[in-house]
Structure formats: structure tokens, C-alpha cells
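**Q**
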Amino acid sequence: MSKLIDLRMGLFLAALFIVTVLVPIASTLDQGSALSIPSYLIPLMGKYLCYAILAVALDLCWGYAGILSLGHGAFFALGGYAIGMHLMREIGARGVYANPDLPDFMVFLGWNELPWFWYGFDWFPFAAVMALLVPGALAFVFGWFAFRSRVSGVYLSIITQALTFALLLAFFRNEMGFGGNNGLTDFRDVLGFSLSAPSTRIALFVLTAIALAACLLIAKAITVSKAGKVLVAVRDAESRTRFMGYRVENYSVFVFTVSAMMAGLAGALYVPQVGIINPGEFAPANSIEIVVWVALGGRGTLVGAAIGALVVVAVESWLTANFPDLWLFALGALFIIVVLWMPNGLLGLVEKLRLRRKPAPDPNTETPA
Amino acid sequence: MLLRPFLRLVALCLAMLTPLAASAQTLEELVTQLPAGSYDDRAAVVAEIAATGDPRALAVLEALLEGELEQRNSDGRIVIVGGTRRAPTGTDALTGEDLGELGRRATERIRVNNSLRRTIRTAMGVMTLRDPDPARRLAAAEAALRSPAVEQLDALDAAMQAEELDYIREAQTLAHAATILASDADTDTKLDAVAVISGASALTVQSTLNAYRAAEDPALAAAVADAIEAAERRQALWGQAQNLWFGLSLGSVLLLAAIGLAITFGVMGVINLAHGELVMLGAYTTFLVQETIRTHAPEYFGWSLAIAVPLAFLFVGAVGVAIERGIVRHLYGRPLETLLATWGVSLILQQAVRSVFGPTNREVGTPDWMSGAFQLGEMTVTWPRVAIVIFSLTVFFGLLLTMRYSAMGLQMRAVTQNRAMAANLGIRTGRVDALTFGLGAGIAGLAGVALSQIDNVSPNLGQSYIIDSFLVVVFGGVGNLWGTLAAAMSLGVANKFLEPWAGAVLGKILILIFIILFIQKRPRGLFPQRGRAAEG
Amino acid sequence: MSAQLFLDGVHRSFDGFKAINNLTLSVDKGELRAVIGPNGAGKTTMMDIITGKTRPDGGEVLWNMSTDLTRMDEASVANLGIGRKFQKPTVFETHTVEDNIRLALKAPRGVFATLFHRTGKAEEARVTALLDQIRLTHLRAEDAANLSHGQKQWLEIGMLLAQEPDLLLVDEPAAGMTDAETMETAELLKSIAGQRTVIVVEHDMDFVRALDCRVTVLHQGSVLAEGSLDHVSARDDVIEVYLGR
Numbered sequence: 007m008s009k010l011i012d013l014r015m016g017l018f019l020a021a022l023f024i025v026t027v028l029v030p031i032a033s034t035l036d037q038g039s040a041l042s043i044p045s046y047l048i049p050l051m052g053k054y055l056c057y058a059i060l061a062v063a064l065d066l067c068w069g070y071a072g073i074l075s076l077g078h079g080a081f082f083a084l085g086g087y088a089i090g091m092h093l094m095r096e097i098g099a100r101g102v103y104a105n106p107d108l109p110d111f112m113v114f115l116g117w118n119e120l121p122w123f124w125y126g127f128d129w130f131p132f133a134a135v136m137a138l139l140v141p142g143a144l145a146f147v148f149g150w151f152a153f154r155s156r157v158s159g160v161y162l163s164i165i166t167q168a169l170t171f172a173l174l175l176a177f178f179r180n181e182m183g184f185g186g187n188n189g190l191t192d193f194r195d196v197l198g199f200s201l202s203a204p205s206t207r208i209a210l211f212v213l214t215a216i217a218l219a220a221c222l223l224i225a226k227a228i229t230v231s232k233a234g235k236v237l238v239a240v241r242d243a244e245s246r247t248r249f250m251g252y253r254v255e256n257y258s259v260f261v262f263t264v265s266a267m268m269a270g271l272a273g274a275l276y277v278p279q280v281g282i283i284n285p286g287e288f289a290p291a292n293s294i295e296i297v298v299w300v301a302l303g304g305r306g307t308l309v310g311a312a313i314g315a316l317v318v319v320a321v322e323s324w325l326t327a328n329f330p331d332l333w334l335f336a337l338g339a340l341f342i343i344v345v346l347w348m349p350n351g352l353l354g355l356v357e358k359l360r361l362r363r364k365p366a367p368d369p370n371t372e373t374p375a
Numbered sequence: 380m381l382l383r384p385f386l387r388l389v390a391l392c393l394a395m396l397t398p399l400a401a402s403a404q405t406l407e408e409l410v411t412q413l414p415a416g417s418y419d420d421r422a423a424v425v426a427e428i429a430a431t432g433d434p435r436a437l438a439v440l441e442a443l444l445e446g447e448l449e450q451r452n453s454d455g456r457i458v459i460v461g462g463t464r465r466a467p468t469g470t471d472a473l474t475g476e477d478l479g480e481l482g483r484r485a486t487e488r489i490r491v492n493n494s495l496r497r498t499i500r501t502a503m504g505v506m507t508l509r510d511p512d513p514a515r516r517l518a519a520a521e522a523a524l525r526s527p528a529v530e531q532l533d534a535l536d537a538a539m540q541a542e543e544l545d546y547i548r549e550a551q552t553l554a555h556a557a558t559i560l561a562s563d564a565d566t567d568t569k570l571d572a573v574a575v576i577s578g579a580s581a582l583t584v585q586s587t588l589n590a591y592r593a594a595e596d597p598a599l600a601a602a603v604a605d606a607i608e609a610a611e612r613r614q615a616l617w618g619q620a621q622n623l624w625f626g627l628s629l630g631s632v633l634l635l636a637a638i639g640l641a642i643t644f645g646v647m648g649v650i651n652l653a654h655g656e657l658v659m660l661g662a663y664t665t666f667l668v669q670e671t672i673r674t675h676a677p678e679y680f681g682w683s684l685a686i687a688v689p690l691a692f693l694f695v696g697a698v699g700v701a702i703e704r705g706i707v708r709h710l711y712g713r714p715l716e717t718l719l720a721t722w723g724v725s726l727i728l729q730q731a732v733r734s735v736f737g738p739t740n741r742e743v744g745t746p747d748w749m750s751g752a753f754q755l756g757e758m759t760v761t762w763p764r765v766a767i768v769i770f771s772l773t774v775f776f777g778l779l780l781t782m783r784y785s786a787m788g789l790q791m792r793a794v795t796q797n798r799a800m801a802a803n804l805g806i807r808t809g810r811v812d813a814l815t816f817g818l819g820a821g822i823a824g825l826a827g828v829a830l831s832q833i834d835n836v837s838p839n840l841g842q843s844y845i846i847d848s849f850l851v852v853v854f855g856g857v858g859n860l861w862g863t864l865a866a867a868m869s870l871g872v873a874n875k876f877l878e879p880w881a882g883a884v885l886g887k888i889l890i891l892i893f894i895i896l897f898i899q900k901r902p903r904g905l906f907p908q909r910g911r912a913a914e915g
Numbered sequence: 005m006s007a008q009l010f011l012d013g014v015h016r017s018f019d020g021f022k023a024i025n026n027l028t029l030s031v032d033k034g035e036l037r038a039v040i041g042p043n044g045a046g047k048t049t050m051m052d053i054i055t056g057k058t059r060p061d062g063g064e065v066l067w068n069m070s071t072d073l074t075r076m077d078e079a080s081v082a083n084l085g086i087g088r089k090f091q092k093p094t095v096f097e098t099h100t101v102e103d104n105i106r107l108a109l110k111a112p113r114g115v116f117a118t119l120f121h122r123t124g125k126a127e128e129a130r131v132t133a134l135l136d137q138i139r140l141t142h143l144r145a146e147d148a149a150n151l152s153h154g155q156k157q158w159l160e161i162g163m164l165l166a167q168e169p170d171l172l173l174v175d176e177p178a179a180g181m182t183d184a185e186t187m188e189t190a191e192l193l194k195s196i197a198g199q200r201t202v203i204v205v206e207h208d209m210d211f212v213r214a215l216d217c218r219v220t221v222l223h224q225g226s227v228l229a230e231g232s233l234d235h236v237s238a239r240d241d242v243i244e245v246y247l248g249r
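Residue numbers (our numbering), protein chains in the order written: chain A, 7 to 375; chain B, 380 to 915; chain C, 5 to 249.
1) What residue range is occupied by the uninterrupted beta strand (DSSP E) comprising G87 (chain C)?
2) Which residues, in chain order, does the segment 158 to 175 of chain A contribute to contact with chain B at a C-beta distance below 8 Å?
3) Using DSSP with H/G/I as helix, E/B as strand and the rest coil, what is I73 (chain A)?
4) Return the first residue and the last residue of the beta strand (DSSP E) that R488 (chain B) is part of.
5) Would you mind sorting D12 (chain A) into buried or exposed? The rule is 16 or more other CB atoms within 10 Å of its CB.
6) Find the nearest neighbour of V425 (chain B) within the set B:A820, B:I499, B:L623 and B:P597, judged by alpha-carbon distance.
7) Name the residue from B:F644, B:E521, B:A541 and B:Q621 whose alpha carbon lies nearest to the alpha carbon of T583 (chain B).
8) Could you tell me which of B:T717, B:F816 and B:L715 sits nearest to G699 (chain B), measuring between CA atoms?
9) Consult DSSP for H235 (chain C) and reduce its assignment to one of helix, strand or coil.
10) CA-CA distance, V1 (chain A) and Y87 (chain A)?
11) Using a threshold of 7 Å, is the CB atom of A820 (chain B) nearer than that to any non-hydrogen atom of the ligand SAH?
12) If you follow the beta strand (DSSP E) that L115 (chain A) is part of, which residue opens it and which one closes it?
13) Keeping to the same chain, check which residues put their C-beta closer than 6 Å to that of T468 (chain B); ignore five residues upstream and five downstream.
14) Do the segment 32 to 43 of chain A and the segment 234 to 245 of chain A meet, that is, are 3 or more Cβ pairs less than 8 Å apart?
15) At the 8 Å Cβ level, is E97 (chain C) part of the contact set with chain A, yes or no?
16) Going along the chain, which residues of its own chain have a beta-carbon closer than 8 Å to the beta-carbon of F18 (chain A), five neighbours each way excluded?
17) Go to N25 (chain C), then tell me how far its beta strand (DSSP E) extends in each direction, as first and last residue.
18) Hey, is I888 (chain B)'s beta-carbon within less than 8 Å of any beta-carbon in chain A?
19) Closer than 8 Å, CB to CB, is N83 (chain C) near chain A or not?
20) Along the chain, where does the beta strand (DSSP E) containing M647 (chain B) start, and where does it finish?
21) For R88 (chain C), which residues in chain A fall below 7 Å Cβ to Cβ?
22) Using the C-alpha atoms, what's the distance from L495 (chain B) back to A401 (chain B)?
23) Counting only Cβ pairs nearer than 9 Å, list the residues of chain A close to Q729 (chain B).
24) In the DSSP assignment, what are the bridge partners of W67 (chain C)?
25) Using the Cα positions of A823 (chain B) and H654 (chain B), report the straight-line distance between them to the nearest angstrom.
26) Flag this pair as yes or no: are the beta carbons of G841 (chain B) and L633 (chain B) separated by less than 8 Å?
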């Protein structure tokens, strides 16, 4: 168990736990109190945690298996759409057109019956399973073809980007039956609880925090297992791993699929808190931004990825509110700085400082020329 | 300038020869006869006026048709009335002499009814068929083709005989044939007419013959059906040609966007996600050049693109060199890191342009010499498309020759194939890297000049091309310029052939899916680099 | 004795260049065989073909006279019991020395087998024994990236042994080693032969002499001569191939 929860993981989980306990308490305090958190901020914080899950998902496949996916936003969005479809069904007859069987946008398009792929989504457990299964299945099929043909490195990155781009175009089409341009929105409640009620918001926030902790632990369990070591081996010397008898493609597909399902989970938690899912989530730029979260926090550290996401997204919120013109400059500069000067990210920086304060390390570890 | 009076003379002489002109009254005499008699009498006079072939007659008939032709009570002079109703002014119908204000009740309108209006229109058609102005003659012939009137048959015949310009005669021949079909001529004559019409453009064949599909004469109906079917086949064929042409021109756009990448990614192996933004900078360079010319020397606007081409190449090339020296150089051999850093560059460039020029589209004009279109068979070809195809092929072959024959090209290939060896031979590899990257960037700038002509010049311009460009290069086979050409053209053509039945968006999605599957099947593209080195 | 590995009329060309040209070679079970030849003779391509990395254009590669290796990929070939050591030592740089060995140990290679794998006592003992054998015990917790070139060679040999293959393909094991280490390696390979089949590709003639085994000379993708080192090095065509260029 000590392998699973090391110092960083322990600190992060402890901090996460404290926040998860404190936020609901603070939100129930009197509005006048200095420590009170307004109810509208809770979904925002929940949203940040969703991004942190997404970052952990990407770090699992990029940091450990060297698979740089530029399409993880697609898995996130698919998970979001699955839950969004359920929330649409739950609106029922309370929509503008008061049609009990069809979501508003379908009535607007003049459709008479529910498309077959919407069947079952009125039942929450089905939608919840689909939120994991659809991204997972897409990743499995895509990865199975890609890794078996030994598409790797930059090529893989480019075709994952093309994948999310194709999905972006597809979901923009009204004919697809996912609300086209506007996506899915105007949700009322989930499992009978109003989405605008503070208690629902707190519950979703806590749920997201638990999901983040679970994803961190699952990812960590995978990476410290022998399978995780094989993944790193593949990253460092793929053909050597093959000559040892490991079927590299199976490992890659496995980790890619698990990672996509985590991204789907993040999307599923994101949608009820944000209240909308639209094709914009498939934009390739979104997927690339996830990469910088991971790179900033520290690639291959899991906890670092989560921290990176939280830091970048918080800065983004602040900058876009106060200096909207500066945000893209800052993000662009961040990409360059991280790549050129911070190869190990924030956690790497912290590690370096810690080592510097300690006495000189064991001379045996000096790298021979 | 001698042509015009000459033609007028010819037209006049021929008008005399036609049977209708037999009465040999002058226009002056005929015009004075207009107010008298019944509508039928007036119709006869109109026909005779037309038969004079006198160019002045047209204005008279036009005024009559519009109800502006009146007779002055005082002297019986025929005048064309203008001005306002309160203060009507008059001009002499034949001489055009300005008669000044007429007084409110000084004239009497020459009345027309609907049947007379038809006669007048036909008569005017006959008149304009022999108008001295070729454009009007052509318009008259085309009008006669659209609404064939049996009364015009002889006039068309005469006009055909007299016509000296081939393209007008062709139009007249068609109109003549269409009129024969409308007349009560015998079957053989009509079959000949169908044969004549079937040689026309598919649209003309369809619109002219459609009414005769159900002709009572079975032989005629069959001939008409055959002709229409043949026209449809021809149209379908030209439709394919049109698709092919659109596809090639889209392919040229893709080629332009991808070709710079073929250098930086294909030859150097550098993933430059800022490539699209370099294209955008090229487009904004064009915008700036045009702005400068507009404000300082508008008469040179036709040269704006020619000036923008070298400027965009140099400016964007310089930006490329700066990116290479500042960032990419530190990341050789780390493609994923390069990808991330250049993405950062692309965000910065985008936002910089947005801050300077604003987020909206900027207007980039097309010089006159490049606008317009011409007809090729059944399809319309616009000049800007032709220009882009030629431009992109020129850039492609220029680049190919540069890589193959110039000293710089040789050094580039040497460095990319064996860096250490090239360095040992005294090639300054750092300089070659910078110049190669600059070349790729400069070509992106050229692409920007071309794309400014067909796409919106906005800060997002580059975003829409980056994914396509990478797919083209990867699909064609990295490191192979010919592969890039083949990939761009085949993707462009495939896209345009998919569009009619799948729609633009779905067509694009299908192409994307195809490429994704293709790369998984053949990761090294259409034309992979072969050899042991590639096996690694 | 039956042939463990039998290459029959194999050929493979790259862009018209015939890297392997009608190569026929037979290696018996338990044999130690040295393959020598000048640069470009096709030694590495031969290894690539045996291990499933490169598909031949024609010919057969038979394992135990029954299984055709040309249809299999690297992982399948490896799981049949064929281990390979590269010319340039490739170890997993960010793993510790002992993890490198542990990954190589003979064990189920499937995703779920490794995902739920638990390290047992027997495994620990085996790792310790192997580390002793390659003399890297003192560095067992060190990242492989920090090893010297020679230490990496040893580590890779240790990984090969950990796989417990029936056939070891060893590409230039002596490169980067001191003279003493070279001789040690030769002894090690000789001691392995007998229980396992070993094919060594080598440039270093002293090393080949130390192996004291049957030698195959490759030239332009096919076998030029075969026999004891003294026998082949006396042949005029072999001398010409080596000295004539």
C-alpha cells in the first residue's frame, strides 16, 4: 500500500479531503461570514476538479505509456454527451414545446420520434454506463487499429487530433441528433434533484472530488504494477519490449482505453455542473490544452497533472475575466516555457529545490559520462 | 470605327430584300399612319415599320410599347413624351429634336392593346435582330430562342444570312430552329431543327425541347427525347468534369497549405503546429500591402498581389527563422515537445494578430485582371481558381527544383540525411536548419497570399488549414514532395466528388475517417520512403 | 541432433539491394555458433528476419523443424523461446536495474497477468541470483540510465538470461567491454551453450577465437564459408572478402 500512496499522493489526497469537507461547510455559512462560499462558486470548483480528472487520464497514457493523445477532449465530450442525453430526457414535458417524448430541439427540427440511439438514456444507470463505455469503446477500436499498425509518436498525435476534429464536425450537424450547434442544455434536475439547488451542487462537487481521488488511485495502481512497468518500458524502448515477448499493442490499447474511460467520467461529472454540453468541447484546441496542464504539473506524476490542471484553469478564469487579451499570450508562453525550461513540470521544480536544500546526493548516483 | 456605318448599310439593304419590306414606304410615312385606324391596322403598320430595318424605328416602337408615343394636336407630329405628367416634355420620334415643354393637353396618346403589344414586341425582336450593335443582336437572338414567335421566322432567316459574326449566327440559327419547332412546318424540317438544337448547350437543349416531348408526331417526340437524353448525359459528364476541376482547385489550396509543411515536417521532421498561423501572416501581409497601395498609389492596385508575393515570402520566412533559432532548435529529436512549443507559438501569433488587426475579417481585394470567368463546354471556370491552381503548381515545381538542383537544396538534403557527416564536410548545419525552416515558413506565407483571395482573412485563418495540411503530408508519405502533390490532389478531388451526395460536412468527415483508417493501415503514407533506414 | 533453427533459401531486398540472398543456415540444438562477416554482409538483417522484425521476400525459417517463424511477429517469436541482444545495448533507462531484470523474467506476458502480478519469494531469489551472475548487485536500485556502457551490456545479457530462452541471438556482445570482460563474456556464453542454443554475431576475432566454436562467414547475404575458425580463415575467398575491401 505504501507504493500506492507515496508522499505526494498522500499530501494531495489530504488536501483534497480537507477542501471537500470544508467547501460544503463554508457554503452553508451565513452570507455575511468572511469564510462563506457563495453557492454559484461550487459548480465552478467542481468543474476544475473535472479538468483535474481529465489531466490525470491524459497523464496515464502520455506520461507513462508515451501515447500523446491530442484527442482526449473527444472522450471527455462523449462522456458528457451521454449524461447530457439523460438530463435532456429527464426534462420530460417541461420543455418549451412540452413534448413528453422528444427533447425540444427534436421537436424544433420537426422529428416525430426518438432516434434509436436515444433509447435507454432515460434510465440513469444506462446513461452512466454509456458515459464510460462509449469513450472506452471508441478508444479501444481506434487504439486497436492504430497500435496494431504500430502508429506511434507524432503520427498517433495527428490522427487523434483528426479524430476529434471529425467528431467536432459530425456533432455540429443537426442530422446527428445531438442538438447540433447548440448541443444539449436547459437541464432541470438529475435523479429528481434540482440542478440549481445548493445541496445538489454540493453533492456533485463531493462526488467529483471522490472520483478524482479514485482515478488518481486507480492510475497509480496501474503504474506501480508490473503492467505499469511494461508501459514505461514501451515508452523508453518499444522494440526491446517486443523482443522480450510483450505484446506492446495490447498494453497500449489497455492504457488508452482506461484513460479514455476516465476522460469520459470527467465529462459525465462536468455536464450536470456546467449545465451544457456542445460540440465546442470537441475542438482540437481543447485537447491540446489538456497537454499543457499535464506538462506544467509534471508529466508522469499523476498528482502533478491534477495540480497543473487546477493551476492553469484557475489562472485562465482569472485572466479571461480581467485581461481577456492576455490569456492566449499567457497560454502560448506557458507551452514554450514548460517545454524549454521545465521538462519535469512544477513537481520537478519542487523536487529540484528539495534536493538543493539537502546535502549533496550520493556520489554513486552521478551519471557516468 | 468604319464597321458600324457599314453594318447599318448592310442591314438596311437586307431589310429591303425581305418580303415584308415590299411596300417600300419610308419610316416617316409609316409613323404618321400609326394614330389612325383600328388596332389591327396599327399592327400592320408596326410590322411595316419593323420591316424598314431603319435603326430609328426601334425607339419609336419602344415608346409605343411603353405608351409614351403621342401625336401633337397642333401639327400632327409624332412625339415621344417624357418629363412629369404635369409638365410633359417631348422629343421628335424620328429626328430626336427636343421640343421642350408640351403643355398638358397638347398631345394625344397612341393607344395599344395586348395583342398589339405582342406584335410590337415581335417587331422589336425582328428589329434588334439586325441592330448594328453586336451585343444587342446577340441579346435579340437569345430572346427569340427563349420565346420563339413564328412571325419572326423570316426575319431570323434574313438575319442569319446577313450575320457576319459566327457566335451571333450560331445563336440566330438556334433561335431559328426553335421557331421552326413552334411553327407548323413539316416533320422533316422539324427533325432537322431538333438536330440543330441538340448541338447547343445542355441547358438550352432542355429548356427549348422540353415542350415538345409530348409532340403528337411520334418521330418528332422520339427525336426530342433522344436529344434531351443526350444532353443530360453530356451534362452529367461535364458535371463530373466540373467536380474534377473544383477538386483540383481545392487540391491546389491543400497543396499550397501543406507544401511548406512538407519541408518543415517532411524533410526536417519538425512538427510545426504554428504552420497555419504562418499562412495567416502571409494573408495579413497581403492585406497590409493592399492597404498601403490603396492609400498611397491606388493606380497600382493591380500589382498588389505581385508585390505581396515576395514580401510575404521574406517576412514570413524571417518569422520562421526566428522561431527556429529561438525555439525549435533546442528541441531537435523531441517531436512531441516541438509540437507543444509550436502550438504555443501559434497561440501567441494568433492573439498578436487579433490584438493588432482586431478579431473580424479584413477585406482583401482581387485585382481586376484576376476576376471574372470563362465558359468551357458546359462549365464555368473562374479566373481566381485558375490563378490558384497555376500558382500552387508553380510553387510546387519551384520548390522541387530548388531542393534538387540548388546548392542550398543539396545542403538541406545532406543535413537531413546525415547530420554528423554533413557537419564534417563543413556544412554549417545550424544555418541550414534555420534556412530550411525559413523556406518552409516562407512558402506558408505564399500560401497565405493565395488563400487571402478565397478565404476570410481573420486571426483564425490558420486554424482551419493546420489539420488538413498535416493529413495531406502524412497521407502522401513524409519526406516525399511528389507524395504531397498526389495526396493534396486526390483528397481535393475525393472531397468534391463526395460533396454532391454526402454534403460538404459529411464529405469532409468521411475523408477524415478514410485518412485515419489509411494511416493505420499504411502508417508511412501513399509513397513511403523505402530502404533499410525506414525500417528502423 | 536435430536442427533447432533452419533458414532455407531466405532472401530479402531493400530497394533492389539484396541484403539477404538465398541464405541457408542450420543451427543444432545446444550449439554455439559464431556468425562473422564484413559490414553489409547481412548479419543484422538475418537476426531481424529470425526474430520477426523483418519479413523475408521468400524462403522459410523453421523452428524445431516445424514452426515457420516468417509469419510471426516479434512478441510471438520471443514467446517461443528466442531471445535477442542488440548490437547497441538497449535497456529500460528509467527503470532500476532490478526492474529491468524483473521485466525480463520468464512469466506470463499478458496485460492482465502483469496488472495483477505479485512478486513472490522465488522471483526475488531468481533476480538476486541473476544480479550476482552479471555482477550488478551493488547497483540493483540504480536507474539503468546511470550505468556505464559495459554495465549496460552486462545488464542486457542478464535480461536475456532471465528470459530463459532456448535460443539466444547475441549481436556484438563484446563491444565496449574491457579485454577481461570480453573473455568473461565468452566463458559465460560457452557455459550457456549445451543447455541452450547460442548464435553470436561478432567482429572481434579474438572473441570469436575464445568462443572456440563453429563459424559461419556471411558475405553479400549468403553463406560464404562454414567450419572452424582456422578452417575458414585459411580460405582465400574469405581472406579476400575481409582484406580486399
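Built from N, CA and C at the ideal position, the CB exists for glycine as well.
**A** According to the data block:
1) As a position in the third sequence, residue 87 (chain C) is number 83, starting the count at 1. G87 (chain C): member of the beta strand (DSSP E) spanning I86 to K89, first to last residue.
2) Per Cβ criterion, the list reads G159, V160, Y161, S163, I164, I165, Q167, A168, L169, F171, A172 and L175.
3) Indexing the first sequence from 1 puts residue 73 (chain A) at position 67. I73 (chain A): coil per DSSP, three-state reduction.
4) Working through the second sequence from its first residue, we reach residue 488 (chain B) at position 109. R488 (chain B) -> beta strand (DSSP E) spans T486 to R488.
5) Here residue 12 (chain A) refers to the residue found at position 6 of the first sequence. Flag for D12 (chain A) reads exposed.
6) Residue mapping note: residue 425 (chain B) aligns to position 46 of the second sequence, counting from 1. Out of B:A820, B:I499, B:L623 and B:P597, B:I499 has the C-alpha closest to the C-alpha of V425 (chain B).
7) Locating residue 583 (chain B) in the second sequence gives position 204, counting from the first residue. Measuring from the Cα of T583 (chain B), the nearest candidate turns out to be B:E521.
8) Reading the second sequence from its first residue, position 320 is the one you call residue 699 (chain B). Out of B:T717, B:F816 and B:L715, B:F816 has the C-alpha closest to the C-alpha of G699 (chain B).
9) To locate residue 235 (chain C), count along the third sequence from 1; it is residue 231. Of the three classes helix, strand and coil, the one that applies to H235 (chain C) here is helix, per DSSP.
10) Chain A is shown only over 7 to 375; residue 1 (chain A) falls outside these bounds and no answer can be derived.
11) Only the bare structure without any ligand can be found here, which leaves the ligand SAH out of the picture.
12) As a working mapping, residue 115 (chain A) is identified with position 109 in the first sequence. Per DSSP, L115 (chain A) belongs to no beta strand (DSSP E) and is neither H nor E.
13) Residue mapping note: residue 468 (chain B) aligns to position 89 of the second sequence, counting from 1. Within the same chain, T468 (chain B) has close Cβ partners G461, G462 and E480.
14) no
15) Within the third sequence, numbered from 1, the residue matching residue 97 (chain C) stands at position 93. Under the 8 Å criterion on CB atoms, E97 (chain C) is classed as interfacial with respect to chain A.
16) As a working note, residue 18 (chain A) is residue 12 in the first sequence. If we look at F18 (chain A) and ignore the five residues flanking it on each side, its Cβ neighbours are L222, V309, A312 and I313.
17) On the third sequence, residue 25 (chain C) is found 21 positions in, with the first residue counted as 1. Segment F21 to D32, the beta strand (DSSP E) holding N25 (chain C).
18) Sequence index remark: in the second sequence, residue 888 (chain B) carries index 509 (1-based). Answer yes: the Cβ-Cβ gap between I888 (chain B) and chain A drops below 8 Å somewhere.
19) Looking up residue 83 (chain C) in the third sequence gives position 79. It does; some Cβ of chain A falls within 8 Å.
20) Translated into the one-based positions of the second sequence, residue 647 (chain B) becomes position 268. Counting along the chain, M647 (chain B) falls outside any beta strand (DSSP E), and DSSP gives it neither H nor E.
21) By one-based count along the third sequence, residue 88 (chain C) stands at place 84. Under the 7 Å cutoff, chain A gives F249.
22) For the purposes of this step, residue 401 (chain B) is taken as residue 22 along the second sequence, with counting starting at 1. For the purposes of this step, residue 495 (chain B) is taken as residue 116 along the second sequence, with counting starting at 1. Only weak support exists for where A401 (chain B) lies, its pLDDT of 44 falling under 50; the value from the coordinates is given anyway. Cα-Cα distance, rounded: 22 Å.
23) Start at 1 with the first residue of the second sequence, and residue 729 (chain B) comes out as number 350. Correct list: L334 and G338.
24) Residue numbering aside, residue 67 (chain C) sits at position 63 when the third sequence is read from its first letter. Note: W67 (chain C) sits in a beta bridge opposite C:L9 and C:T71.
25) Translated into positions along the second sequence, residue 823 (chain B) becomes position 444. Translated into positions along the second sequence, residue 654 (chain B) becomes position 275. Their Cα atoms are separated by approximately 7 Å.
26) Along the second sequence, read from residue 1 onward, the residue named residue 841 (chain B) stands at position 462. Along the second sequence, read from residue 1 onward, the residue named residue 633 (chain B) stands at position 254. Using a Cβ distance threshold of 8 Å, G841 (chain B) and L633 (chain B) do not count as a contacting pair.
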